[in-house]
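Everything in the sequence shown is counted per the numbering used here, starting at -3 for the first residue and increasing by one. Contents: one structure, followed by commentary.
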Amino acid sequence: MRPGPSFSEIGIAALAAVALAAAAPAPPRALPGPGGSDAPSATAPASIPCPRCGYRNDPDARHCVACGWDLAILVGDAAQRRLQAIGEAVVGVVVAKEYVSASSMLAPKYSKWLRLLAPDEGEHGKHRHFGTAFPLGRAGLFVTSARLLDRAVEARVRTFDNRQFPAEILAYDLPTGIGLIKADVPGVKPLALGERGPEPPEGAWVICFPVALEGKVVRYLPQSLHRGQVTALAQTGTGLASFEYLVRSDHSIPEGCPGAPLIDRRGGLVGMVLDSPEPALTYSVPAPAFVSLVDALARGEVPERPYFGMGLVGPDARRRDKFALAASASQALVAYVIPGSPAEASGVRAGDLLLAVGGEKVGTPSAAAARL
-3 MRPGPSFSEI GIAALAAVAL AAAAPAPPRA LPGPGGSDAP SATAPASIPC PRCGYRNDPD
57 ARHCVACGWD LAILVGDAAQ RRLQAIGEAV VGVVVAKEYV SASSMLAPKY SKWLRLLAPD
117 EGEHGKHRHF GTAFPLGRAG LFVTSARLLD RAVEARVRTF DNRQFPAEIL AYDLPTGIGL
177 IKADVPGVKP LALGERGPEP PEGAWVICFP VALEGKVVRY LPQSLHRGQV TALAQTGTGL
237 ASFEYLVRSD HSIPEGCPGA PLIDRRGGLV GMVLDSPEPA LTYSVPAPAF VSLVDALARG
297 EVPERPYFGM GLVGPDARRR DKFALAASAS QALVAYVIPG SPAEASGVRA GDLLLAVGGE
357 KVGTPSAAAA RL
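In structure tokens, the structure reads:
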């Protein structure tokens, strides 16, 4: 039988293995990154996780490269933080208006009978009205509803944490529904405008200060957030403003919310709420329509508007007979033309039907007025 290796031979072999290992070159390190180091830079921005699929995108990416999600759309914690910051800037508005009763405009022998039939008509003094406002433009300026400020003699604002500050009524423009007040509210920053207008059926939020009216008792409710969808654009014929090209949404907003901001899914300001005439139906002025107007009102300027000198109405049976129109005529009808006006100079006459403005067909008086 062949003898096995001795202990001395095993030791020599072990020492040779150790020597070879020491002499061998070290294994190569991982290739360095683009910055020249394999360790992440402390100053490099973090990647952006997609809220839909979780893929981590470059910081400057606008859409997820994995699923196409718009990374500017706020969801989850990011949406909560953004909406909370906006809510801290939005304020409730309380105005006082002088009450003018019908009985005060009548002779004494008639006013006493009116007071018997309607006891509230004998009341005088200031009555409170409620709305919402948001900061826009330079510091201290807040945009709100023009109807809220109409005939108001004093105003104050309240914040999300129940602080109250006096406000100055600067100006309001009833044709567009936009009003402007000034208040020194510490820590409030102007809202950021949306990068683009909303498109149906995109989601949107309304942030406002509702109140509950119970007879002559007013209960101030906490600031509320209403989530809904934009359902239509360029809406006319609502009667909420003279110049209409409104955004319609399915929000149901309570008393105290006219003047509230309409916020898109990216956290940008895209409109101001005019009113909610019925549940799940709210109309807002689009932001591009009032940004320049707010600047003009803040400078004390009177808005300039085109003057045509004609009246537009919808044709009814009486006017169809008067102007010998066909029964199927439904376009905007020129009811009258003011002598010496631009409309008369251009050859427009009473009884004409307005078919198009600038090559774009118009079907109703409100649509024609909006285009003009």
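Note that CB positions come from ideal geometry on N, CA and C, so glycine has one too. The structure presented is a predicted model; accordingly, all values stated were derived computationally and were not measured.
Residue j beta carbon less than 8 Å from that of residue i
i, j, result
"Phe161", "Val139", "no"
"Val281", "Leu242", "yes"
"Ile177", "Ala142", "no"
"Thr128", "Pro254", "yes"
"Tyr168", "Leu132", "no"
"Leu166", "Leu293", "yes"
"Arg215", "Val202", "no"
"His247", "Ser220", "no"
"Gly136", "Ala81", "no"
Residue i versus residue j: straight-line alpha-carbon distance, rounded
i, j, result
"Gly264", "Leu258", "8 Å"
"Gly118", "Lys357", "Confidence at Gly118 is low in this model, with a pLDDT of 45, below 50, so its placement is unreliable and the value that follows should be read with caution. Using only the alpha carbons, I get a separation of about 51 Å."
"Val149", "Lys122", "9 Å"
"Gly235", "Glu340", "27 Å"
"Ala256", "Phe156", "14 Å"
"Leu229", "Val287", "18 Å"
"Gly175", "Gly50", "44 Å"
"Gly355", "Ala325", "19 Å"
"Gly343", "Glu300", "24 Å"
"Phe205", "Pro250", "9 Å"
"Gly224", "Pro196", "11 Å"
"Gly296", "Ala283", "20 Å"
"Arg134", "Gly183", "13 Å"
"Arg147", "Arg124", "12 Å"
"Pro218", "Cys60", "37 Å"
"Ala313", "Ala323", "8 Å"
"Gly211", "Leu289", "37 Å"
8 Å contact criterion, which residue i and residue j should meet: CB distance rounded
i, j, result
"Gly307", "Phe126", "No, Gly307 and Phe126 are not in contact; Cβ-Cβ is about 35 Å, not under 8 Å."
"Val333", "Gly305", "6 Å"
"Thr172", "Ala276", "About 25 Å separates the two Cβ atoms, so there is no contact after all."
"Val90", "Arg159", "Contact flag wrong, Cβ pair sits at about 13 Å."
"Ala68", "Arg58", "7 Å"
"Val71", "Pro47", "4 Å"
Spatial neighbours of residue i in its chain, beta-carbon cut-off 7 Å, leaving aside the 5 residues before and after
i, result
"Pro194", "Ala200, Val226, Val243, Asp260 and Val266"
"Gly347", "Phe319 and Val330"
"Asp54", "Ser43"
"Leu350", "Leu308, Gln327, Ala328, Val330, Val358 and Ala364"
"Gly190", "Asp260, Arg262, Gly264, Leu265, Val266 and Ala283"
Cβ neighbours of residue i in the same chain (closer than 8 Å, five flanking residues each side left out)
i, result
"Ala376", "Any property of residue 376 remains undetermined from this structure, which presents the chain solely from -3 to 368."
"Tyr303", "Ser337 and Pro338"
Contacting residues, own chain, Cβ-Cβ under 6 Å from residue i (five flanking each side not counted)
i, result
"Glu84", "Phe156"
"Ala19", "For Ala19, the predicted structure reports a pLDDT of 44, less than 50, and the residue's modelled location is therefore unreliable. A value from the coordinates is still provided. Correct list: empty, nothing qualifies."
*Entirely enclosed beta strand (DSSP E) segments - the segment 209 to 258, minimum 3 residues*: 213 to 216, 220 to 231 and 242 to 245
*Which ranges would you report for the beta strand (DSSP E) in the segment 261 to 327 if only whole runs of at least 3 residues count?*
265 to 274, 277 to 282 and 306 to 309
*Mind listing, in chain order, the continuous alpha helix (DSSP H) runs of no fewer than 4 residues lying wholly within the segment 138 to 192?*
Segments of the alpha helix (DSSP H) lying fully in the segment 138 to 192: 142 to 145.
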